[in-house]
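In our numbering, the protein residues as written are 9 to 364.
Note that CB positions come from ideal geometry on N, CA and C, so glycine has one too.
Just so we're clear, the structure is a prediction, and the values are computed from it rather than from any experiment.
Structure first, then comments.
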Ligand SMILES: *Cc1c(COP(=O)(O)O)cnc(C)c1O
């Protein structure tokens with residue numbers, strides 16, 4: 009029988025979240041608690057009229073919307089079919105067979121998958137208190153390290169590294185290693201965007217963002233990044249031509265221009281998150297402070313987390329198990345509307361009270 013190439017044969021499939029029973033409350037994929045901008049939905053409906061045509065391969069209007077909103081050069085912006093496409097393309101372009109890609113201990117797992125696809129070696133540096141450590145990352149860099157991935161704020165821990173620390177990481181990294189800062193949750197963080205965007209000017213740093221979280225457009229599959237010109241040129245060779253459907257481009261461009269809606273829903277999400285976290289903290293859980301639309305809930309052991317996961321599913325609530333992240337004792341809960349979070353907190357507390 010025909011065999012796949014060795015790197016693919018050796019791979020485990022990407023672990024997608026088990027959706028649980030029909031009708032369950034799903035708080036497992038960091039989807040937005042609120043809908044996208046109404047003007048985005050209207051723009052998406054209008055774009056349906058062009059369904060017979062290929063989409064704009066240069067994402068002109070979408071790039072213009074991003075560039076205007078963030079004060080960036082549209083020439084440095086590239087868009088992907090989700091930021092996952094951009095992560096995959098970066099690794100294929102810059103890490104070949106045997107090259108090393110470095111991440112943080114509980115970094116975003118899709119990076120490991122993309123490394124496996126490319127035959128690259130994925131290594132991690134330890135974290136402290138569920139938080140990436142710039143010192144540990146610097147210590148783990150070797151001559152073989154081609155790329156360093158830092159997800160900030162981080163999935164699945166929710167924690168963040170201060171921008172000053174990220175700037176120090178870049179300054180102390182070898183100049184021939186590429187730093188990729190995955191800012192999928194940056195809109196939930198109150199740190200200024202500009203100092204990190206400015207890093208792209210150096211030629212050795214890429215910033216990635218997505219419409220899937222703060223803009224409530226996970227289904228549209230649109231991510232974007234700020235790329236040094238030379239890196240952008242290589243990326244274009246790897247991205248699928250016509251990678252983003254016209255409807256998705258229209259949804260994303262209008263969502264980007266409706267900054268008030270995004271600010272409103274991220275603010276409300278953060279408020280619900282902080283109430284939920286305070287309630288769990290009062291009940292005795294040590295939930296790390298989060299700058300995202302989810303929280304990480306640590307249990308006493310992997311066994312306790314597994315039992316809670318099963319009991320929650322029994323009660324119709326689906327969270328994300330974290331064993332793949334080396335956090336088998338944790339569950340990750342996406343922030344939903346207040347009533348859903350009350351139901352989750354009630355259920356968690358009831359489960360804890362029945363377990364000795
Ligand atoms: C959700 C997420 C992404 C974005 O994925 P899309 O492909 O844009 O939907 C990227 N990185 C991290 C860490 C995420 O959590």
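query	result
Would you mind stating whether residue 157 and residue 299 have Cβ atoms separated by less than 7 Å?	no
Mind pulling the beta strand (DSSP E) runs of 3 or more residues that sit fully within the region 206-262?	213-218, 231-234
Please tell me whether, using a cut-off of 6 Å, the distance from the CB of residue 163 to the nearest non-hydrogen atom of ligand 1 is below it.	yes
Taking residue 12 as the reference, give the member of 170, 82, 127 with the closest Cα.	127
If you run the structure through DSSP and keep just helix, strand and coil, what is residue 24?	coil
What is the rounded straight-line gap between the Cα of residue 15 and the Cα of residue 122?	11 Å
Between the alpha carbons of residue 284 and residue 68, how many angstroms are there, rounded?	40 Å
Quick check on DSSP: helix, strand or coil for residue 315?	helix
What residue does the alpha helix (DSSP H) around residue 174 start on, and which one ends it?	171-180
With 16 other CB atoms within 10 Å as the buried threshold, where does residue 62 fall?	exposed
Contact check, residue 145 vs residue 112 under 8 Å by CB: the rounded distance?	7 Å
Buried or exposed for residue 191, please, with buried defined as at least 16 other CB atoms from any protein chain shown within 10 angstroms of its CB.	buried
Note down, one range per segment and in chain order, each alpha helix (DSSP H) of at least 4 residues found wholly within the region 330-361.	none
Hey, residue 339 and residue 317 are a contact pair by Cβ (cut 8 Å); roughly how many whole angstroms apart?	6 Å
Label residue 364 either buried or exposed according to how many other C-beta atoms from any shown protein chain fall within 10 Å of its C-beta, with 16 as the threshold for buried.	In this prediction, residue 364 scores a pLDDT of 44, lower than 50, which makes its location untrustworthy; the coordinate-derived value is nonetheless stated afterwards. Exposed, because fewer than 16 other Cβ atoms sit within 10 Å of the Cβ of residue 364.
Give me the Cα-Cα distance between residue 98 and residue 358, rounded to the nearest whole angstrom.	45 Å
By the 10 Å Cβ neighbour count, where 16 or more other Cβ atoms means buried, how is residue 170 classified, buried or exposed?	exposed
What span of residues does the beta strand (DSSP E) with residue 288 cover, start to end?	Not the beta strand (DSSP E): residue 288 falls in the alpha helix (DSSP H), residues 267-290.
Relative to the alpha-carbon of residue 222, which residue among 84, 23, 51, 344 has its alpha-carbon at the smallest distance?	344
Which term fits residue 161, buried or exposed, when burial requires 16 or more other beta carbons within 10 angstroms of its beta carbon?	buried
Assuming contact is defined by CB atoms lying nearer than 7 Å, are residue 187 and residue 176 in contact in what I supplied?	no
According to the Cβ coordinates, are residue 183 and residue 212 closer than 7 Å?	yes
Using three-state DSSP, classify residue 133 as helix, strand or coil.	strand
Taking residue 157 as part of the beta strand (DSSP E), name the residues at either end of that continuous run.	153-159
With DSSP as the reference, label residue 80 as helix, strand or coil.	coil
I'd like to know if the region 253-264 and the region 15-33 are in contact, where contact means that at least 3 CB-CB pairs between them fall below 8 Å.	no
Measure the alpha-carbon distance for residue 149 versus residue 254 and round it to whole angstroms.	41 Å
Quick one: is residue 275 buried, meaning 16 or more other Cβ sit within 10 Å of its Cβ, or exposed?	exposed
Among 172, 82, 75, 288, which has the Cα closest to the Cα of residue 237?	82
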